[in-house]
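First residue of the sequence shown: 4, per our numbering; consecutive thereafter.
Using N, Cα and C, we set each Cβ at its ideal position, and we do this for glycine too.
Bear in mind the structure is a predicted one, so any value in this text is a computation, not a measurement.
Working notes for the structure below.
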Amino acid sequence: MSIIEQFLEIKYKGERFSGGRLPLDVLADLQALEEILATFAREIWLKENDRERMPKGYTDWFHMSLTGVEDGSALPKLQLQVNEDQQRSLDGSDTRFSLMQKAETEFFRVIKAAADGDKVTLSPSQIRNFNRFLTNLKPGEAFQYTSRPTSGSTSGENIVFLDLERRKRLLTSVTSTYEQRIQGRARLKGVEEEGKLKFFSNSLKQFLVVDNSRPPTEYGKHIGNYYEFDLTVERRHDDSISNVITIHELSLLENPVISAIDEMEKLPKGWLDGFGEPISSTVREAAKDFVLSIDRDIPEFYAVAPTEEGGVLLEFKQDNWDYGVEFNSDSTVSYFGIDFRGEGEFSKEYRQDETSILEVKIKEDICRND
């Protein structure tokens, strides 16, 4: 059985829309609107049913069509078709049609909040959808939406307008956050006066942690060292961390390779019988970041040594191959390998900002020679 009804009472106001005209560039708005409603329906169902994905075939059961445009300011007439019986019933109490009604209610709540200047929170996919919505609206024009009347509502309460300014307010003030549990390693860069711990990692960039279980002075002794963490965090739509909600684990990392690299800070100029350059902090940190990023994926480093030119050399073995990674003082990274059987060797150089490419290459070589 298909449920078909007129859906969404919307109106475009402005000179371009007089006489029931609907410029073709507005059709993109209606496509974005369909995506907004479908996304709200999905997010509502996943949240209410504590699920991570929709049932198979979700994208096939909902269709919105433009059936005409009435006179006056353009009044697009939209038709919703929901196929209820062509697929198995949804888990929970919702029908597909009632779920779309909830999506419509959520759409009204969001655009009304934007029109009123209130805070709006959207998922990353919804931010993309709303960025596509009303993109061709011009000065002096407005989008009007009238929601389904509810018991106790008075005239005008269920009508909302979005013009250029209100749309801008929505897109520039929208916040998108979500909770996620993350594990990894990060370097403690500093301890602020109010006790905030400033951490940095290549993947998460900089983030702040407040650990009330220990005094900040305990962390102050280990600035520059690495910590292993297990955190529940609140992340923004760009994946940066806005807040740490729960600390499950935050412990000083015990890694002999990292310790060996740290010891190189003590090497003076001429440390090798009158020769030997000091190992700069830039080289040491680059080598440590690399170790922390890849050491779970490769055999243990059997050698960690300073080089005469002021670099850091890391060596490991895999089957018949001996591999070396050398972080040089000129901000390059050398990667080389020698087959013990004399059947081959290679050498390649990377920039320090290409270490992610190097990591992929190393993993490929290990798998190939495994």
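Distance from the Cα of residue 320 is smallest, within the candidate group 346, 295, 334 and 368, for 368. Residue environment analysis places residue 349 among the exposed positions, since fewer than 16 neighbouring C-beta atoms fall within 10 angstroms of its C-beta. The secondary-structure analysis by DSSP pairs residue 204 across a beta bridge with 208.
Beta-bridge annotation (DSSP): residue 230 is paired with 189 and 255. By the neighbour-count definition (other C-beta atoms within 10 Å, threshold 16), residue 247 is a buried residue. The three-state reading of DSSP puts residue 216 in coil, since its state is none of H, G, I, E or B.
In terms of Cβ geometry, residue 134 and residue 42 do not form a close pair [threshold 7 Å].
In the structure shown, the three-state DSSP call for residue 304 is coil. Between the C-alpha atoms of residue 33 and residue 139 there is a straight-line separation of about 12 Å. Straight-line measurement puts the Cα of residue 39 at about 18 Å from the Cα of residue 151.
In the displayed model, residue 276 falls within coil according to three-state DSSP, outside both helix and strand.
A distance below 7 Å between beta-carbons, with the five flanking residues on each side excluded, links residue 136 to the following residues of its chain, in chain order: 32, 35, 36 and 39.
Apart from the 5 residues on each side of it in sequence, residue 286 sits with its Cβ closer than 7 Å to the Cβ of 313, 314, 315, 330 and 332 in its chain, given in chain order. Secondary structure at residue 339: strand, using DSSP grouped into helix, strand and coil.
Using a Cβ-Cβ distance cut-off of 8 Å, the segment 190-197 and the segment 164-178 are not in contact, since fewer than three pairs of beta carbons, one from each stretch, lie closer than that value.
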